[in-house]
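Undergrad: Basically the numbering used here = 1-based index in the sequence shown + 19.
Glycine is no exception: its CB is placed at the ideal position from the N, C-alpha and C atoms.
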Amino acid sequence: MEAFFIELLTDIFRLSIQMAPYWLPLASGFILWRLWLFYVRAQHLSAIQWTSLEIRLAREMTKTPLAMELVLNAFYQRGTISTFIQRYWYGNLRPWFS
Numbered sequence: 020m021e022a023f024f025i026e027l028l029t030d031i032f033r034l035s036i037q038m039a040p041y042w043l044p045l046a047s048g049f050i051l052w053r054l055w056l057f058y059v060r061a062q063h064l065s066a067i068q069w070t071s072l073e074i075r076l077a078r079e080m081t082k083t084p085l086a087m088e089l090v091l092n093a094f095y096q097r098g099t100i101s102t103f104i105q106r107y108w109y110g111n112l113r114p115w116f117s
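#1: Assuming I124 is part of the alpha helix (DSSP H), what are its boundary residues?
#2: Between which two residues does the alpha helix (DSSP H) holding R78 run?
#3: Could you have a look at N111 and say whether DSSP puts it in helix, strand or coil?
#4: Given a cut-off of 8 Å, decide if Y107 and L56 are closer than it, judged by their beta-carbon atoms.
#5: Distance check for W115 and W69, CA to CA, integer angstroms please.
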């Protein structure tokens with residue numbers, strides 16, 4: 020039984036080595052693509068000049084909290100990047116707020 024598993028593993032290893040010209044470029048291409056995206060996004064994020072915004076509410080508030088919720092939701096509704104080049108060459112990301 021143990022010999023069967025050893026033979027099976029050697030056959031799988033041999034087959035994977037023989038098929039490497041087919042799967043290795045795909046696997047390395049996928050890995051390089053992910054590394055490229057990480058790199059360009061990191062470059063884009065490091066170039067952004069971040070600011071803090073403080074929102075102060077007036078003491079005499081006559082409007083409901085729903086009005087302020089609508090204002091804060093309007094901050095989140097930003098335009099999106101639409102082109103392939105902006106996303107994958109320049110590393111642009113959708114802006115986010117917290």
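TA: According to the data block:
#1: Outside the shown range of the chain (20 to 117) lies residue 124, about which nothing can therefore be said.
#2: On the sequence shown, residue 78 is found 59 positions in, with the first residue counted as 1. Where R78 is concerned, there is no enclosing alpha helix (DSSP H), given that its DSSP letter is neither H nor E.
#3: Working through the sequence shown from its first residue, we reach residue 111 at position 92. In this structure, N111 counts as coil in the three-state DSSP scheme.
#4: In the sequence shown, residue 56 corresponds to position 37, counting from 1. In the sequence shown, residue 107 corresponds to position 88, counting from 1. In this structure, Y107 lies closer than 8 Å to L56 by Cβ.
#5: Translated into the one-based positions of the sequence shown, residue 69 becomes position 50. Translated into the one-based positions of the sequence shown, residue 115 becomes position 96. So the alpha carbons of these two residues sit roughly 11 Å apart.
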